[in-house]
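Each residue of the sequence shown is one higher than the last, beginning at 554 in this note's numbering.
Built from N, CA and C at the ideal position, the CB exists for glycine as well.
A short write-up of the structure that comes next.
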Amino acid sequence: MLKKYNLEIMTVLFFGMITSCAVFGSQLRLIQRIMLEYMFLFTLHEWEETRFPGGFADLMVKFFGVKADADQIAKAHIPVAVLLLVITFVPFFTQNPILSLVPIYLGLFETFIHLAGIKIHKMDKPYTPGMVTGILLGITSVIVLVTYSREQLLSGIGYVWGIPLMILCFAAMQRTVLAIYGLGYKFVIANVKKKLRRTV
């Protein structure tokens, strides 16, 4: 069930939180409101990547030189859903500005990866599945960072700490995905280098 309906389960959890806060959360703090925005945007993003139009996982599997069946691709989305739930729910409840940087920086990364993916995947059209919502995530992240600066929620070093934290969270998720495909980073990195040499 989790393998088949993980996107639907994630959607119910996110929209359940959003709806509950809309009804009962009149005293929400800034970070909590921002995390609700990311819950909404990440939900839309995952639907665009995997269902409407979908196909981003197929692009990445091909790019990394991985042989995967539909069952593995379905399983591989579970760690993604878990990551998104953790990186938005934890800052929502702790209201820790440094922890909230993880989804903020991930939003910027999504914009980059989808725009760069047009060339990397040699797309016929200037679009990769998830790009529209990926760009929306990036725009939101820029606005949020400007808001954080204006509200003085973090010092300069605080913004820096958010970078390795985001990378660590993403790497943990990615490592789990690779394990589902029966691969390690060494194999993937070697294949990526070959692909990039052909692309550049």
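- Task: For the segment 596-641, list the alpha helix (DSSP H) runs that are entirely contained and at least 4 residues long, ordered along the chain.
- Result: Counting only unbroken stretches of 4 or more residues, the alpha helix (DSSP H) elements lying wholly within the segment 596-641 are 609-616, in sequence order.
- Query: Ile696 to Gln625, Cα distance in whole Å?
  - Reply: Straight-line Cα distance between these residues: approximately 36 Å.
- Classify Gly569 as buried or exposed, calling it buried when 16 or more other Cβ atoms lie within 10 Å of its own Cβ. So Gly569 counts as exposed.
- Query: Cα separation between Ala621 and Val576?
  - Reply: As the crow flies, the alpha-carbon of Ala621 is around 43 Å from that of Val576.
- Task: Identify, in the order they occur along the chain, each residue of the same chain with its Cβ nearer than 8 Å to the Cβ of Leu718, setting aside the five sequence neighbours on each side.
- Result: Contacts found: Ile651, Leu652, Leu654 and Val655.
- Query: So is Tyr558 buried or exposed if we call it buried at 16+ other beta carbons inside 10 Å?
  - Reply: By the Cβ-count criterion, Tyr558 is exposed, with fewer than 16 other Cβ atoms from all chains shown falling within 10 Å of its own Cβ.
- Exposure of Asn730, with buried meaning 16 or more beta-carbon neighbours within 10 Å: First, the amino acid is wrong: residue 730 is Val here, not Asn. It counts as buried.
- Task: Note down, in chain order, each residue of its chain lying with its Cβ closer than 8 Å to the Cβ of Leu560, except the 5 sequence neighbours on either side.
- Result: Shown here for Leu560: same chain residues with a beta carbon closer than 8 Å to its own, the five before and five after excluded, namely Glu599, Trp600, Thr603, Arg604, His630 and Ala634 in chain order.
- Item | Sequence-distant residues of the same chain with beta carbon closer than 7 Å to Ile571, five excluded per side | Correct list, in chain order: Leu589, Met592 and Phe593.
- Taking just the CA atoms, how far does Met554 sit from His674? Between the C-alpha atoms of His674 and Met554 there is a straight-line separation of about 32 Å.
- Query: Just the Cα atoms here: how many angstroms apart are Val713 and Tyr658?
  - Reply: Near 11 Å, if we compare the C-alpha coordinates of Tyr658 and Val713.
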